[in-house]
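J.: The UniProt record's numbering applies: residue 1 is where the sequence shown begins, and numbers increase by one. Quick reminder that beta carbons are idealized off the backbone N, C-alpha and C, glycines included. Just so it is clear, the structure is predicted and the values come from calculations on it, not from any experiment.
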Amino acid sequence: MGHAPVMTWTVRRAGPGDVGELARINCESWQHSARGVVPDVLLDRMLPESYLNGWRRWVRLPDPDGVFVAEDEAGRLGSYCTVAEARDDDDIHADLRTGELIGVHADPLHMGTGAGRAVHDAALDHLAEQGFRYAVLWVLKDDWTTRSFYAHHGWRHDGATKDHAAGDQRVPVVRYGRFLNARKRNRPPSGFRFPAFG
1 MGHAPVMTWT VRRAGPGDVG ELARINCESW QHSARGVVPD VLLDRMLPES
51 YLNGWRRWVR LPDPDGVFVA EDEAGRLGSY CTVAEARDDD DIHADLRTGE
101 LIGVHADPLH MGTGAGRAVH DAALDHLAEQ GFRYAVLWVL KDDWTTRSFY
151 AHHGWRHDGA TKDHAAGDQR VPVVRYGRFL NARKRNRPPS GFRFPAFG
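#1: When the Cα atoms are used, what is the spatial distance from residue 173 to residue 148?
#2: In angstroms, rounded to a whole number, what distance separates the CA positions of residue 59 and residue 121?
#3: Hey, residue 176 and residue 150 are a contact pair by Cβ (cut 8 Å); roughly how many whole angstroms apart?
#4: Mapping the DSSP letters down to three states, classify residue 102 as helix, strand or coil.
#5: Out of 106, 36, 77 and 6, state which residue places its alpha-carbon closest to the alpha-carbon of residue 143.
#6: Give the straight-line distance between the Cα atoms of residue 57 and residue 14, rounded to the nearest whole angstrom.
#7: Note down, one range per segment and in chain order, each alpha helix (DSSP H) of at least 4 residues found wholly within the region 52–94.
#8: Sorted by chain position, which residues of the same chain lie with C-beta nearer than 6 Å to residue 65's C-beta, five sequence neighbours on each side aside?
#9: Only counting runs of 3 or more residues, tell me where the beta strand (DSSP E) segments fall wholly within the region 139–176, in order along the chain.
#10: If the criterion is Cβ atoms closer than 9 Å, does the pair residue 99 and residue 22 meet it?
#11: Compare the C-alpha of residue 67 against each of 161, 94 and 26 and name the closest.
#12: Specify whether the region 74–91 and the region 104–113 touch according to this definition: at least 3 beta carbon pairs, one from each stretch, less than 8 Å apart.
#13: Rounded to whole angstroms, what's the CA-CA distance from residue 41 to residue 170? Just pull it up for me.
#14: Hey, could you find the ends of the alpha helix (DSSP H) residue 117 is sitting in?
#15: For residue 180, which three-state DSSP category applies?
#16: Would you please state the rounded distance, in angstroms, between the beta carbons of residue 113 and residue 6? I believe it to be under 8 Å.
#17: Identify, in the order they occur along the chain, each residue of the same chain with its Cβ nearer than 6 Å to the Cβ of residue 71, setting aside the five sequence neighbours on each side.
#18: Terminal residues of the continuous alpha helix (DSSP H) containing residue 24?
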């Protein structure tokens, strides 16, 4: 099986007109990448229409929250990335303003085409522009494909784990972190200790 060809993607903020596609990609991405990690019965019950109201709220949230989409030359969405201020006090870095990458999700047909990387990079740039200097994310512990994507883009597992509710099930997730002011190399400022959570 060969790699998908890299495509040209235009990244922009999501708007109300994207809600249907965001909901579709949300479901199809989970059903593709979490298969074998999350119980099939939960994935098979995911329907885009169940997510429309949540996406209507998300695309209207003010900065620093943001939803970024990658669209191809025909205007079709290939991926999205959602970011916000860190939502849990335990995720806040002791010394740096902390943002959270809530997720990068790609249409399974566009995985490996650069769509995920495009929205990932734009979302991290957005957090940095909003004054965040550190970011965290949570990912399914046994989703090695997604973990590899994040590791390839400079994220490092910091040792934190917890259980995440998936319907009536609990699945383990792990936390990754990275510095935003040194995104290309993921190196902290000189003399800085990595990381100290409060």
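T.: Reading it off the structure:
#1: 14 Å
#2: 19 Å
#3: 5 Å
#4: strand
#5: 36
#6: 11 Å
#7: 52–58
#8: 84
#9: 156–166
#10: no
#11: 26
#12: yes
#13: 14 Å
#14: 115–129
#15: coil
#16: 6 Å
#17: 10 and 77
#18: 19–33
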